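Below: one structure, written as structure tokens.
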Amino acid sequence: MEINLISDTVTRPTPGMLDAMMSAKVGDDVFKNDPSVNALEEKVANFFGMEASLFFPSGSMANQTAIKLHTQPGEQLICDKYAHVFNYEGGGASFNSGVSCKLVDGHRGMMTAEQVAESINPPDFYHSPLTSLVCIENTTNKGGGACWDFEELKNIREVCDQNGLKYHLDGARLWNALVAKGENPKDYGNLFDTISVCFSKGMGCPVGSVLVGSKKMMDKALRIRKILGGGMRQSGFLAAAASYAMDHHLERLQEDHQKAKEIGEVLQNLDFVKKVEPIETNIIIFELNESLVDSDSFLGKLTENGISIIGMGQGKLRIVTHLDYTQEMHGHFLSILPKIF
Ligand SMILES: *Cc1c(COP(=O)(O)O)cnc(C)c1O
29 MEINLISDTV TRPTPGMLDA MMSAKVGDDV FKNDPSVNAL EEKVANFFGM EASLFFPSGS
89 MANQTAIKLH TQPGEQLICD KYAHVFNYEG GGASFNSGVS CKLVDGHRGM MTAEQVAESI
149 NPPDFYHSPL TSLVCIENTT NKGGGACWDF EELKNIREVC DQNGLKYHLD GARLWNALVA
209 KGENPKDYGN LFDTISVCFS KGMGCPVGSV LVGSKKMMDK ALRIRKILGG GMRQSGFLAA
269 AASYAMDHHL ERLQEDHQKA KEIGEVLQNL DFVKKVEPIE TNIIIFELNE SLVDSDSFLG
329 KLTENGISII GMGQGKLRIV THLDYTQEMH GHFLSILPKI F
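Per my numbering, the sequence shown starts with residue 29, numbered consecutively.
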């Protein structure tokens with residue numbers, strides 16, 4: 029049995045999703061006449077109670093478009109030191125928008141409103157870059173799938189309002205946070221200038237992300253997407269998968285979260301595991317007691333058993349549960365773990 033737990037991006041479309049894709053009505057989305065893309069964009073905008081949205085090939089492109097929308101070259105954005113926009117988008121903030129990132133030393137990828145306020149450069153001090161944007165991530169990826177306290181997100185909005193800053197949410201896994209905390213997506217729509225969401229992670233789609241915001245913002249985003257090479261033609265096949273996922277794969281994220289908790293409990297009881305970070309959603313980050321077992325031999329043993337997980341650097345290992353990780357695989361994995369050494 030092959031068990032791939034390196035990421036929730038490894039899923040294949042389900043038969044139901046493939047059916048939805050195969051029967052999708054499509055057009056040419058660059059001419060804005062693909063009915064399936066138009067329907068998805070309306071659906072996601074309504075879900076968040078925002079005016080408009082735009083379909084993208086990747087989450088990185090959606091985030092990069094948001095950064096471009098909200099900044100001018102030479103300016104600065106504020107984000108946590110773990111942020112995807114800083115660490116994992118190939119330096120796109122500087123390449124595409126000519127902006128620098130002020131990194132905040134937060135907790136599990138999350139910062140406080142006070143830390144954000146302290147990170148703003150005084151606007152009249154012309155020696156330092158002008159701060160214009162705050163980016164946050166929910167759930168946090170490098171922070172181990174942690175969910176924000178919504179009150180703190182509101183506090184940061186206040187800091188943004190007081191200082192004329194825009195506020196972007198990298199919501200690649202916002203779905204997981206919404207389900208884990210039973211939150212209302214419209215509360216998020218109310219709070220942020222723009223939100224990006226991924227369909228190629230927990231939602232199980234092959235490709236696709238959406239950026240949500242005001243009509244005016246999305247009109248501008250359309251041009252930026254074109255510049256970045258993200259205009260797609262019969263992308264309705266992909267949008268149909270995303271629509272299907274919203275209807276069928278959202279509530280079930282709870283199952284991924286439950287399985288992650290159960291894996292965490294087993295790990296916690298192994299003497300060669302030093303520490304398991306709190307598990308809130310579908311990501312498990314843990315460290316080995318390297319004097320007993322080093323990461324390489326642990327990963328090697330798992331590989332021998334057909335199980336893949338990933339190293340995060342600094343002795344941290346990561347497991348991510350997802351749609352294609354079945355109950356049968358789960359039982360097998362849990363029974364193998366205590367026997368592996
Ligand atoms: C995966 C991810 C993205 C987008 O990644 P793509 O591979 O470009 O789709 C953005 N932010 C976070 C936090 C992510 O985990």
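A virtual CB, placed ideally from N, CA and C, is assigned to each residue, including glycine.
Keep in mind that this is a model prediction, so the values were computed, not measured.
Residue i Cβ short of 7 Å to ligand 1 heavy atom set
| i | result |
| --- | --- |
| R261 | no |
| A200 | yes |
| H112 | yes |
| C226 | yes |
| E290 | no |
| G87 | yes |
| E165 | yes |
| V81 | Contrary to the premise, residue 81 reads as Ser rather than Val in this sequence. No, since every heavy atom of ligand 1 falls outside the 7 Å radius drawn around the Cβ of S81. |
| S237 | yes |
| K229 | yes |
| N297 | no |
| N149 | no |
| N91 | yes |
| N124 | no |
| N169 | yes |
Cβ-heavy atom distance, residue i to ligand 3, below 7 Å
| i | result |
| --- | --- |
| C175 | Of the ligands this structure carries, namely ligand 1, none is ligand 3. |
Buried versus exposed call for residue i [16 or more other C-beta atoms within 10 Å across all chains shown]
| i | result |
| --- | --- |
| T93 | buried |
| V58 | exposed |
| E179 | exposed |
| F369 | exposed |
| H196 | buried |
| P150 | exposed |
| Y154 | exposed |
| F361 | buried |
| D181 | In the sequence on display, residue 181 carries Leu and not Asp. Label assigned to L181: buried. |
| T99 | buried |
| I255 | exposed |
| N212 | exposed |
Nearest-angstrom beta carbon gap, residue j and residue i [assumed within contact, 8 Å]
| i | j | result |
| --- | --- | --- |
| A52 | G341 | Their Cβ separation, rounded to whole angstroms, is 40 Å, which puts A52 and G341 out of contact at 8 Å. |
| M357 | M29 | 6 Å |
| S336 | L33 | 6 Å |
| I223 | F75 | Not confirmed; about 10 Å, so no contact. |
| H277 | L351 | 7 Å |
| L97 | I252 | 7 Å |
Three-state secondary structure assigned by DSSP to residue i
| i | result |
| --- | --- |
| R346 | strand |
| D57 | helix |
| V162 | strand |
| D198 | strand |
| F83 | strand |
| S125 | helix |
| K170 | coil |
| K130 | strand |
| C175 | coil |
| Q190 | helix |
| D47 | helix |
| Q104 | strand |
| N149 | coil |
| I34 | coil |
| H135 | strand |
* Asked: What are the complete alpha helix (DSSP H) segments, minimum 4 residues, inside the stretch 213-290?
  -> The stretch 213-290 contains these whole alpha helix (DSSP H) runs: 213-219, 243-255 and 264-276.
* **4 or more residues per run - each alpha helix (DSSP H) lying fully within the stretch 286-368** => You should have 323-332 and 355-364.
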